[in-house]
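Take 1135 as the starting number for the sequence shown in my numbering and just add one per residue.
From the three backbone atoms N, C-alpha and C, an ideal C-beta is built for every residue, glycine too.
Okay, structure first, notes after.
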Amino acid sequence: MNTQINTLARAVADSFPLSRFRSIEERLGILGFTLMFLFAMSQTLLAHDYKAGDLVIDHPWSRATPPGAKVAAGYMVIRNPGTQADRLVKIESEISGKVEVHEMSVDDKGVMTMRPLADGVEIPAGGEAKLEPGSYHLMFLELKQPPKEGVKFPGTLTFEKAGTVEVEFAVEAMGGGGHDHGNHGEAGGHEGHGG
């Protein structure tokens, strides 16, 4: 990927040799344009989206777990610009014995509960399902290998209508990153979930 960006940068630079421009303002303008172009291209190259039928699966991710953890969580946003609702009904991954969709909620006394959703999660027509900390999320149970920061692991998502799609979960740091990751990936809080 870096090779592609470097090649692209060289091509842009060769197209606009700075010796053609007389003023520093012209040179800075070209440099600014080039940097904006490269940033836009790097975002496209780093995109982490998948498609299944009408559905778009945005940035599947998990969090690194400590050694010995028996569970990990997975997150993503599934957008459905289509005209029919769909449902995520099955998830498989080689890193765990089984994967379930869970829902987290807080009752009127402030007690947080979590439960597996046997029927999966609906993705409404023209809407989205957010699998995120504190809400719907995936639970990778009976971990065979702990997710490690900076590594990706494969998963298979099966939808009622859109069918099956292979994705990769990007593993982020235990402590956070750019998202509000909550407390998933650590054994605490998930001990009663098959692990």
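- The residues Asp-1220, Arg-1221, Val-1223, in chain order, have a CB closer than 6 angstroms to that of Glu-1294 in the same chain once the five nearest residues on each side in sequence are set aside.
- Of the candidates Val-1305, Gly-1187, Gly-1244, the residue whose Cα lies closest to the Cα of Pro-1288 is Val-1305.
- Comparing alpha-carbon positions, the option among Met-1238, Pro-1258, Lys-1264 lying closest to Thr-1247 turns out to be Met-1238.
- When only Cα atoms are considered, Tyr-1209 and Gly-1297 end up about 19 angstroms apart.
- The shortest CA-to-CA distance from Ile-1257 to any of Gly-1187, His-1193, Ile-1212 is the one to Ile-1212.
- Secondary structure of Ile-1158 (DSSP, three-state): helix.
- Under the DSSP assignment, Ile-1191 falls in the beta strand (DSSP E) whose first and last residues are 1189 to 1197.
- The continuous stretches of beta strand (DSSP E) do not include His-1182, and DSSP gives it neither H nor E.
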